[in-house]
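Colleague: Have a look at this one.
Residue numbers (our numbering): 4 to 537.
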């Protein structure tokens, strides 16, 4: 019995032969066979078309390994910012396209589900930048929008737009008059306005006229720009609140605090000298002021001294001198050959600094799509964020400071790995730029995440006075934490091929705490007299 699929073919064959001349049995058989074969062929064609449709519908052309790697980067970045694309497998399916659309809506882009090159580059580079971490990332994690808030902040930053504060249109809610002054200073100095605001001492707040509102003091001496500084003084801008807004008063001074000024309504004067405010002529001639003003001193036999802006002790300069002394002495001191504990610790400090810079530079090199300037900008925020801990170093015990740091670590919203990676990069950034607040803050964070050998750096800062007050006793406490950790089997983070370092540091710090110390001046203290040949 013929199967059903063959019946139409046989019918067609029969009809094809019934209207022709009489055919032989063989002709009829051939026609029947031809009809059967033709039906099979037609059926196969239909089946092939159906297979092709299914293949077109369900199969995708295999992506290259490079494309899959890029897609995985995109998926990882989407997941990080809360646009859930599923497991990063390198295939942008329906779930990933939906996540892309959510990202585009969040950023105000057309929600196509397909990333334009700029949209993808911004997403991936923002993820890489977020991996650096820092207080800006921590603050965003604790905000209402979570890490998504970073996307808007960095988009506005790239466009040169500042996010409006509450009630004002300036930096972080500053009055517009103060914000305009920050921009004016930044226009003639290397740091950006945001970086200037993060520098200790640049902005000081106080109620100078007794009206219950904050007044602002901007000290341009910390900007590092000679445009704002004369022979011995720099421009200081005081903004006093009035019912009509903030009134600006300009002075030439150095080392000022809010107590240096007294204001009545919008008019201010120097509290100690009675000098009245605006010194507009000095401002108009800033560009013609010479860098130094020679002053002869009879007590020095007529030797001319040159005034220059007060500056913190430079660790880079110190390590250069230590290197020369080490070379002239024939190599590093050992516990057996040590004659000067301060120099011995200085050698180890500079050695550790070199290792920290190299290790941090390697970490920073793995962060894709982020410039060194962006890294430095984020790391600059470490100074203010850890300032309460830094302020305690000279007065509080190690246990109290570590307790505060560990609370900060636990409340940061970042994983220990991300915090440690961030701090390692910022340690490099701080030492590279001679920014002791950033470097010392990063060392504290690293120690707080459980990497105890980094406590050695805190001991060095306290022993030698870089970014911290000189106190050999407090330094010995931090050195002890690092030494105990190393003796307990912790992996060395500095000079791993020199196991004798732990014994040397323990011996030298003990001798230093005994009173044989001639400390380098701490940051912010009065510098030794200096001469300039510039």
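Beta carbons are placed, not taken as given, at the ideal position from N, Cα and C, and that holds for glycine. Please read all numbers here as calculations on a predicted model, not as lab measurements.
By how many angstroms is the C-alpha of residue 68 removed from the C-alpha of residue 34?
Modeller: Model confidence at residue 34 stands at a pLDDT of 34, short of 50, so the residue's coordinates are unreliable and nothing is read from them.
Colleague: Just verifying my parser: in three-state terms, what is the DSSP assignment at residue 182?
Modeller: Three-state result, residue 182: helix.
Colleague: Output yes or no for whether 8 angstroms exceeds the beta carbon distance between residue 261 and residue 190.
Modeller: No; because the gap between Cβ atoms is not below 8 angstroms, this pair is not in contact.
Colleague: If you draw a straight line from the alpha carbon of residue 108 to that of residue 114, how long is it in whole angstroms?
Modeller: The straight-line gap from Cα to Cα measures roughly 6 angstroms.
Colleague: Please report the residue range of the alpha helix (DSSP H) in which residue 325 lies.
Modeller: Where residue 325 is concerned, the enclosing alpha helix (DSSP H) stretches over 318-331.
Colleague: How close, in whole Å, do the beta carbons of residue 482 and residue 318 come, if the pair is a contact with beta carbons under 8 angstroms?
Modeller: Contact doesn't hold; Cβ gap of about 18 angstroms is too wide.
Colleague: Cβ of residue 269 within 8 angstroms of Cβ of residue 255?
Modeller: Going by C-beta atoms, residue 269 is not nearer than 8 angstroms to residue 255.
Colleague: Restricting to Cα atoms, I'd like to know which of 448, 376, 236, 389 is closest to residue 253.
Modeller: When only C-alpha atoms are compared, the closest one is 236.
Colleague: Between the C-alpha atoms of residue 489 and residue 456, what's the straight-line distance to the nearest angstrom?
Modeller: Going from the Cα of residue 489 to the Cα of residue 456 covers about 7 angstroms.
Colleague: Just verifying my parser: in three-state terms, what is the DSSP assignment at residue 225?
Modeller: In the structure shown, residue 225 sits in a helix (DSSP, three-state: H, G or I).
Colleague: Can you round the beta-carbon distance between residue 461 and residue 452 to whole angstroms, since I take them to be within the 8 angstroms contact cut?
Modeller: About 14 angstroms; that fails the 8 angstroms criterion.
Colleague: List the whole-angstrom C-beta distance separating residue 396 from residue 404, where the pair is believed to meet the contact cut-off of C-beta under 8 angstroms.
Modeller: About 6 angstroms separates the two Cβ atoms, so the contact holds.
Colleague: Going by DSSP in three states, residue 216 sits in which element: helix, strand or coil?
Modeller: Three-state result, residue 216: coil.
Colleague: Could you compute how far the alpha carbon of residue 203 sits from the alpha carbon of residue 371?
Modeller: When rounded, the distance between both Cα atoms is 30 angstroms.
Colleague: Run the CB neighbour count on residue 454, radius 10 Å, all protein chains shown included, and call it buried at 16 or more, exposed below.
Modeller: Buried, since its Cβ has 16 or more Cβ neighbours within 10 Å.
Colleague: Taking the continuous beta strand (DSSP E) assigned at residue 207, which residues delimit it?
Modeller: Residue 207 -> beta strand (DSSP E) spans 206-209.
Colleague: Would you mind sorting residue 517 into buried or exposed? The rule is 16 or more other CB atoms within 10 Å of its CB.
Modeller: Exposed, since its Cβ has fewer than 16 Cβ neighbours within 10 Å.
Colleague: For residue 249, which beta-bridge partners are listed by DSSP?
Modeller: DSSP lists 244 as partners of residue 249.
Colleague: With burial defined as no fewer than 16 other Cβ atoms inside 10 Å of the residue's Cβ, what is the status of residue 183: buried or exposed?
Modeller: Answer is exposed; the Cβ neighbour count stays below 16.
Colleague: Are the CB atoms of residue 350 and residue 325 within a distance shorter than 8 angstroms?
Modeller: In contact: residue 325 and residue 350 (Cβ atoms closer than 8 angstroms).
Colleague: Inspect the beta-carbon positions of residue 84 and residue 154 and report whether they are closer than 8 angstroms.
Modeller: In contact: residue 84 and residue 154 (Cβ atoms closer than 8 angstroms).
Colleague: Identify, in the order they occur along the chain, each residue of the same chain with its Cβ nearer than 7 angstroms to the Cβ of residue 437, setting aside the five sequence neighbours on each side.
Modeller: Result list for residue 437: 317, 318, 319, in chain order.
Colleague: Over what stretch of residues does the beta strand (DSSP E) that includes residue 273 continue unbroken?
Modeller: Looking at the DSSP string, the run of the beta strand (DSSP E) that includes residue 273 is 270-273.
Colleague: Determine, using beta carbons only, whether residue 224 and residue 257 come nearer to each other than 8 angstroms.
Modeller: Yes. Within cutoff.
Colleague: Assign residue 265 to one of three DSSP states: helix, strand, or coil.
Modeller: Residue 265: strand per DSSP, three-state reduction.
Colleague: For the alpha helix (DSSP H) containing residue 462, list its first residue and its last residue.
Modeller: Counting along the chain, the alpha helix (DSSP H) containing residue 462 begins and ends at 458-467.
Colleague: Using a Cβ-Cβ cut-off of 7 angstroms (strictly less than) and excluding sequence neighbours within five positions of residue 621, which residues of its own chain qualify?
Modeller: Not covered by the structure: residue 621. The range shown for the chain is 4 to 537.
Colleague: Check for me: the alpha helix (DSSP H) holding residue 147 runs from which residue to which?
Modeller: Neither: residue 147 is in no alpha helix (DSSP H) and is coded neither H nor E.
Colleague: On the criterion of 16 or more Cβ atoms from any shown chain inside 10 Å, does residue 181 qualify as buried, or is it exposed?
Modeller: Buried: at least 16 other Cβ atoms inside 10 Å.
Colleague: Suppose contacts are defined by Cβ-Cβ distances below 8 angstroms. Is residue 485 in contact with residue 445 by that definition?
Modeller: Going by C-beta atoms, residue 485 is not nearer than 8 angstroms to residue 445.
Colleague: Rounded to a whole number of angstroms, what is the C-alpha to C-alpha distance between residue 415 and residue 430?
Modeller: Using only the alpha carbons, I get a separation of about 18 angstroms.
Colleague: Taking the Cβ atom as the reference point for each residue, do residue 469 and residue 354 lie within a distance shorter than 8 angstroms?
Modeller: No, Cβ-Cβ distance for residue 469 and residue 354 is not below 8 angstroms.
Colleague: Along the chain, where does the alpha helix (DSSP H) containing residue 348 start, and where does it finish?
Modeller: Unbroken alpha helix (DSSP H) run through residue 348: 344-368.
Colleague: For a test of the three-state rule: what should DSSP assign to residue 515, helix, strand or coil?
Modeller: Residue 515 falls in the helix class under three-state DSSP.
Colleague: Check residue 101 in the structure and name its three-state DSSP category.
Modeller: Helix, per DSSP.
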